[in-house]
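Residue numbers (the numbering used here): 44 to 264.
Note that beta-carbon positions come from the ideal geometry of N, C-alpha and C, so glycine has one too.
One structure is given below, encoded as structure tokens.
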């Protein structure tokens, strides 16, 4: 039977509804459309790995992609303080135990909690990365899906949307974010061959945009 099976489809539909509700008040940089694109990017990468003979669990990739921003620190409420993704999704996994095994649920939660670029950078600096972080294909698919979503034309829009919504920083701070983070999302900073390939075109879009923006800001256009 192809993916998804009928019971998996029901679980995915329920996950979409849960995430839509949870993220309804977020700005456009981190709304349901964002996680939907991350999900689709991650599935595209996962299918590419499957075609290359790798073992990847598509359901875990899809659900982790949908759930990866549920407890984003930028949007976490006081009521969610101290909660883990597993805590937040306990009822969901209980309701869909026929579609999502206990092992899959644990993997989905672990992936969702380890997608963040900033968290990975911090854990690397503290020597806390484990062999799992280097070998888990499901994690790599969702990480690359999320990082691709941070760059290119969509990345420019999301960066501007968050800057506006948070009312923080100047246009120079906006430009600095590209140099300090977004231009670094290329090459070996991505975990998969397809992720690196997709990043190349998106990086070119961003670099051209920032060059044009710099020229206009300096009245050199």
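Counting C-beta atoms within 10 angstroms of its own C-beta, residue 110 has 16 or more neighbours from the protein chains shown and is therefore classed as buried. In this chain, the alpha helix (DSSP H) harbouring residue 91 covers 75-94. Residue 164 carries a helical assignment under DSSP once its states are collapsed to helix, strand and coil. For residue 66, the secondary structure class from DSSP, reduced to helix, strand or coil, is coil. Check the Cα spacing between residue 226 and each of 237, 244, 210 and 236: the tightest is with 244. The DSSP assignment places 145-155, 160-168, 174-178 and 180-191 as complete runs of the alpha helix (DSSP H) inside the region 134-202, in order along the chain (cut-off: 4 residues). Residue 234 sits buried, since 16 or more C-beta atoms from the chains shown fall within 10 Å of its C-beta.
Contact between the region 122-129 and the region 66-74 is not established, with fewer than three Cβ pairs separated by less than 8 Å. Nearest Cα to residue 108 within the set 166, 48, 152 and 49: 152. The region 136-147 makes no contact with the region 182-192: fewer than 3 CB pairs, one atom from each, lie closer than 8 Å. Within the same chain, and ignoring the five residues on either side of residue 237 in sequence, the residues whose Cβ sits closer than 6 Å to its Cβ are 88 and 91.
With 16 or more other CB atoms across the displayed protein chains lying within 10 angstroms of its CB, residue 77 is buried.
Per DSSP, reduced to three states, the secondary structure at residue 47 is coil, with no helix or strand assignment. Residue 249 is positioned such that its CB atom lies no closer than 8 Å to that of residue 214.
If you look at residue 238, you'll find it in the alpha helix (DSSP H) that goes 236-260. Ranked by Cα distance from residue 148, the options 133, 160, 260 and 157 are led by 133.
Judged by DSSP secondary structure, residue 107 falls within the alpha helix (DSSP H) whose first and last residues are 101-110. Setting aside the 5 residues that flank it on each side, residue 106 is surrounded in the same chain by 58 and 151, each with a C-beta closer than 6 Å to its C-beta; the list follows chain order.
Within a 10 Å sphere around the beta-carbon of residue 261 sit fewer than 16 other beta-carbons, which makes this residue exposed.
Look at residue 213 here: in three-state DSSP terms it is coil, with no helix or strand label.
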